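Participant: Residue numbering for the sequence shown follows numbering that gives the first Met the number 0, starting at 0 and increasing by one per position.
C-beta atoms are modelled at their ideal positions from N, C-alpha and C, and glycine is treated no differently.
This one's a predicted model, so the numbers in the text were calculated from it and none came from an experiment.
Can you keep this structure in mind? I'll have questions shortly.
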Amino acid sequence: MKESYHICFTSHEEVMFRDLEDHGVFLNLLALRAFSMDTEIVVDAEMSTHVHLGIFSGTPQQFAAALRMSYSKYFNKKYDRKGRMGEKYTFQLKIEGHVHQMIFQNYVIRNGLHHAASATALGYPFCCARDLFQEDIGLVTDLPAKMSREDIHVFLPRHAEFPDHYQMNEHGVFIRRSFMEIRRAEQYYGSPRNYLYQINRLTDESWTREQLNDGTGLPVTIQSIEPADEKSITQMLKNESGRCFNRTRMQDLDVCRLIDGDFLSSYGATSIYQLTESQKKAIAQTLYFEYHLPEGQIKRCLALPR
Numbered sequence: 000m001k002e003s004y005h006i007c008f009t010s011h012e013e014v015m016f017r018d019l020e021d022h023g024v025f026l027n028l029l030a031l032r033a034f035s036m037d038t039e040i041v042v043d044a045e046m047s048t049h050v051h052l053g054i055f056s057g058t059p060q061q062f063a064a065a066l067r068m069s070y071s072k073y074f075n076k077k078y079d080r081k082g083r084m085g086e087k088y089t090f091q092l093k094i095e096g097h098v099h100q101m102i103f104q105n106y107v108i109r110n111g112l113h114h115a116a117s118a119t120a121l122g123y124p125f126c127c128a129r130d131l132f133q134e135d136i137g138l139v140t141d142l143p144a145k146m147s148r149e150d151i152h153v154f155l156p157r158h159a160e161f162p163d164h165y166q167m168n169e170h171g172v173f174i175r176r177s178f179m180e181i182r183r184a185e186q187y188y189g190s191p192r193n194y195l196y197q198i199n200r201l202t203d204e205s206w207t208r209e210q211l212n213d214g215t216g217l218p219v220t221i222q223s224i225e226p227a228d229e230k231s232i233t234q235m236l237k238n239e240s241g242r243c244f245n246r247t248r249m250q251d252l253d254v255c256r257l258i259d260g261d262f263l264s265s266y267g268a269t270s271i272y273q274l275t276e277s278q279k280k281a282i283a284q285t286l287y288f289e290y291h292l293p294e295g296q297i298k299r300c301l302a303l304p305r
């Protein structure tokens with residue numbers, strides 16, 4: 000029997016996505032695993048150090064493990080890396096109740112906002128925020144390319160199986176609307192207007208009170224779905240206003256692009272995992288003193304121990 004779950008896996012010591020191709024490959028693997036393991040993907044958000052998924056599945060842990068293994072194999076091969084990607088355990092939370100589900104979806108969809116990676120939920124590109132009610136809101140941006148199954152297979156692992164309704168964009172990435180249960184996610188909001196209201200609402204006690212009317216389980220809160228300390232949670236709630244977002248601040252993807260381009264070429268390397276510890280520290284000093292980047296961001300983008 001399929002039930003609703005929140006799945007989250009983290010990688011705080013190093014980033015999970017170093018470029019746009021990584022994000023695209025992850026989505027493709029997500030689509031393929033969803034099909035092969037009879038799992039419905041309802042909402043998603045891919046951050047540089049963690050991933051949030053809302054799924055309906057009968058085997059949530061097995062699904063999460065298979066997805067992580069597939070992506071780790073890709074990442075390790077591309078970047079000449081070894082070992083497990085991220086922390087060992089996968090966070091799992093069962094979601095019960097109509098309002099519980101809607102509020103849970105809000106937290107996932109607004110992850111870019113919570114981490115100051117965008118000024119609004121709709122401004123973060125690596126999640127499904129723009130896919131819900133997109134025709135009504137006017138955000139139809141990701142159109143399917145005219146591809147045969149043979150063309151699509153060029154961008155996928157060998158022997159990958161997928162249904163005919165899966166569609167790719169011109170960059171070889173499966174379009175969320177073709178493999179995710181977007182309509183199901185929309186049903187919990189009821190209308191485009193309510194969707195916009197809910198994803199722009201500030202977290203307060205009314206969220207808890209509304210969930211109590213479901214009569215099922217503990218209320219979903221940002222504390223219950225974000226594996227983070229209290230200081231980080233406080234900052235996430237502060238970020239909800241959108242005022243903490245700084246468009247000129249370099250995001251992890253920008254820092255990785257800088258490192259993997261100019262810096263690696265000066266050392267004759269193609270991956271940070273080929274650098275020595277002293278070479279990484281030399282790059283870190285440059286990023287700190289010349290680009291004025293935070294120490295934590297530098298370390299995770301260089302995979303330096305904290």
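So, using beta-carbon positions, are G53 and F16 closer together than 8 Å?
Facilitator: Going by C-beta atoms, G53 is not nearer than 8 Å to F16.
Participant: For Y123 and A116, I'd like the C-alpha separation in whole angstroms.
Facilitator: Looking at the two C-alpha atoms, the distance is approximately 7 Å.
Participant: Can you confirm whether the region 258-273 touches the region 69-83 when touching is taken to mean that 3 or more C-beta pairs between the two stretches lie within less than 8 Å?
Facilitator: The region 69-83, when compared against the region 258-273, does touch it at the 8 Å Cβ threshold.
Participant: With the cut-off set at 8 Å, would you say V14 and C300 are in Cβ contact?
Facilitator: Contact: yes.
Participant: Helix, strand or coil for Y187 per DSSP?
Facilitator: Looking at Y187 - three-state DSSP - the assignment turns out to be coil, as it is neither helix nor strand.
Participant: To the nearest angstrom, how far is the alpha carbon of T202 from that of S10?
Facilitator: Cα-Cα distance, rounded: 26 Å.
Participant: Starting from F132 and walking both ways along the beta strand (DSSP E), at which residues does that stretch end?
Facilitator: No beta strand (DSSP E) holds F132; DSSP gives it neither H nor E.
Participant: Which residues does DSSP pair with T9 in a beta bridge?
Facilitator: DSSP output for T9 lists H49 as bridge partner(s).
Participant: As a quick exercise: from M68, T215, T119, E45, pick the residue whose alpha carbon is nearest that of K237.
Facilitator: Ranking M68, T215, T119, E45 by Cα distance to K237 puts T119 first.
Participant: Any idea if E225 is buried or exposed, counting beta-carbon neighbours within 10 angstroms, 16 or more meaning buried?
Facilitator: Counting Cβ neighbours within 10 Å, E225 comes out buried, since at least 16 surround it.
Participant: Contact between the region 28-41 and the region 55-70: three or more CB pairs below 8 Å?
Facilitator: These segments touch.
Participant: I'd like the span of the beta strand (DSSP E) that includes L303, first residue to last.
Facilitator: Segment: none, L303 is in no beta strand (DSSP E) and carries neither H nor E.
Participant: So E95 and T215 are in contact, right, with Cβ under 8 Å, and what is the actual spacing, rounded?
Facilitator: About 4 Å separates the two Cβ atoms, so the contact holds.
Participant: Inspect the beta-carbon positions of Y187 and L92 and report whether they are closer than 8 Å.
Facilitator: No, the pair does not count as a contact, with Cβ atoms beyond the cut-off.
Participant: Do E180 and A144 have their C-beta atoms closer together than 8 Å?
Facilitator: Contact flag unset, no.
Participant: Could you tell me if P59 is buried or exposed, where buried requires 16 or more neighbouring beta carbons within 10 angstroms of its beta carbon?
Facilitator: With 16 or more Cβ atoms within 10 Å of its Cβ, P59 is classed as buried.
Participant: Exposed or buried, which one is D261 when buried takes at least 16 other CB atoms within 10 Å?
Facilitator: Its Cβ having fewer than 16 others within 10 Å, D261 is exposed.
Participant: Any idea what DSSP makes of F154, helix, strand or coil?
Facilitator: Correct three-state label for F154: coil.
Participant: Going by the beta-carbon positions, is the gap between L303 and A283 smaller than 8 Å?
Facilitator: Yes.
Participant: Taking the beta strand (DSSP E) that F90 belongs to, which residues open and close that run?
Facilitator: Start and end: 90-93.
Participant: Do you know how far the Cα of L66 is from the Cα of Y73?
Facilitator: The straight-line gap from Cα to Cα measures roughly 11 Å.
Participant: Using only the alpha-carbon positions, how far apart do Y196 and L26 sit?
Facilitator: Rounded to whole angstroms, Y196 to L26 spans 27 Å at the Cα level.
Participant: To which residues of the same chain is L131 closer than 7 Å at the C-beta, ignoring the five residues directly before and after it?
Facilitator: I181, A184, E185, Y194, listed in sequence order.
Participant: Thinking C-alpha only, which one of Q210, M235, N212, L211 is nearest Q222?
Facilitator: Of Q210, M235, N212, L211, the residue nearest in Cα terms is M235.
Participant: Do you know offhand how far E160's Cα is from V139's?
Facilitator: Approximately 27 Å, taken between the alpha carbons.
Participant: Can you tell me the Cβ-Cβ gap for H22 and F125, rounded? I've got them flagged as a contact below 8 Å.
Facilitator: Confirmed, about 6 Å.
Participant: Assuming D141 and I174 form a contact by the criterion Cβ under 8 Å, report the distance between their Cβ atoms to the nearest whole angstrom.
Facilitator: So it is a contact: roughly 5 Å between Cβ atoms.
Participant: Using C-beta distances below 6 Å, list every residue in its chain close to V107, excluding the 5 sequence neighbours before and after it, in chain order.
Facilitator: V42, A44, H51, G53, listed in sequence order.
Participant: Under the assumption that H99 contacts V219 (Cβ atoms under 8 Å), give the Cβ distance between them as a whole number of angstroms.
Facilitator: So it is a contact: roughly 5 Å between Cβ atoms.
Participant: Starting from A63, trace the alpha helix (DSSP H) both ways and give me its first and last residue.
Facilitator: Looking at the DSSP string, the run of the alpha helix (DSSP H) that includes A63 is 59-78.
Participant: Applying the 10 Å Cβ sphere with the 16-neighbour rule, what's the burial state of M0?
Facilitator: It counts as exposed.
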